[in-house]
Amino acid sequence: VQLQASGGGLVQAGGSLRLSCAASGRFFSIDLMGWYRQAPGQQRELVATMTSGGRGNYAESVKGRFTISRDNAKNTVYLEMNSLKPEDTAVYYCKVEIWSRGGGSWGQGTQVTVSS
2 VQLQASGGGL VQAGGSLRLS CAASGRFFSI DLMGWYRQAP GQQRELVATM
52 TSGGRGNYAE SVKGRFTISR DNAKNTVYLE MNSLKPEDTA VYYCKVEIWS
102 RGGGSWGQGT QVTVSS
């Protein structure tokens, strides 16, 4: 599975950004699509995930501000980020899981920088 992420950038605190990640390759369906992030000197952490059935899961730090969605027909996952804070600054990675194959596939990462 190959992943192509886009949509990162520089935004002021309180602003919004939308990330996209499109999956391609040989597969029938993707069980889980999600976003993780890694700030400098920090471990990679979960931001949000969504199952093929539409069940979402969010980190407490982003609940109410970020919204994950996916288009199964396009094998694409989105992350709408509102009310951004400087502490949201990180490299954001998309990840997909096909449970019958085990493991997961990571995208290349996209930088999100929130200025105060």
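Numbering (the numbering used here), first residue to last: 2 to 117.
Think of the CB as a built atom: it goes at the ideal place given N, C-alpha and C, for glycine as much as any other residue.
Just so it is clear, the structure is predicted and the values come from calculations on it, not from any experiment.
_Pick from PRO87, TRP107, ASN76 that is closest to PRO41, judged by C-alpha positions_ = The shortest C-alpha separation from PRO41 is found at PRO87.
*Would DSSP call VAL2 helix, strand or coil?*
Note: VAL2 maps to coil in three-state DSSP.
*When DSSP labels each residue in this structure, what does ASP32 get in the three-state scheme?*
In the structure shown, ASP32 falls within a coil segment according to DSSP collapsed to helix, strand and coil.
*Enclosing beta strand (DSSP E) for GLU61 [first to last residue]*: For GLU61, there is no enclosing beta strand (DSSP E), since its DSSP letter is neither H nor E.
*Examine the Cβ distances between the region 110 to 117 and the region 59 to 77 and report whether three or more of them are shorter than 8 Å.*
The count of Cβ pairs closer than 8 Å, one atom from the region 110 to 117 and one from the region 59 to 77, stays below three, leaving the stretches out of contact.
*Report, in whole angstroms, the separation of the C-beta atoms of GLN39 and ALA91, which I expect to be a contact under 8 Å.*
6 Å between Cβ atoms; contact.
*Have a look at SER62 and GLU81 and give me their C-alpha separation to the nearest angstrom.*
Across the structure, SER62 and GLU81 are spaced so that their CA atoms are roughly 14 Å apart.
*asked:* Given this structure, state the Cα-to-Cα distance separating TYR93 from GLY54, to the nearest angstrom.
replied: Going from the Cα of TYR93 to the Cα of GLY54 covers about 23 Å.
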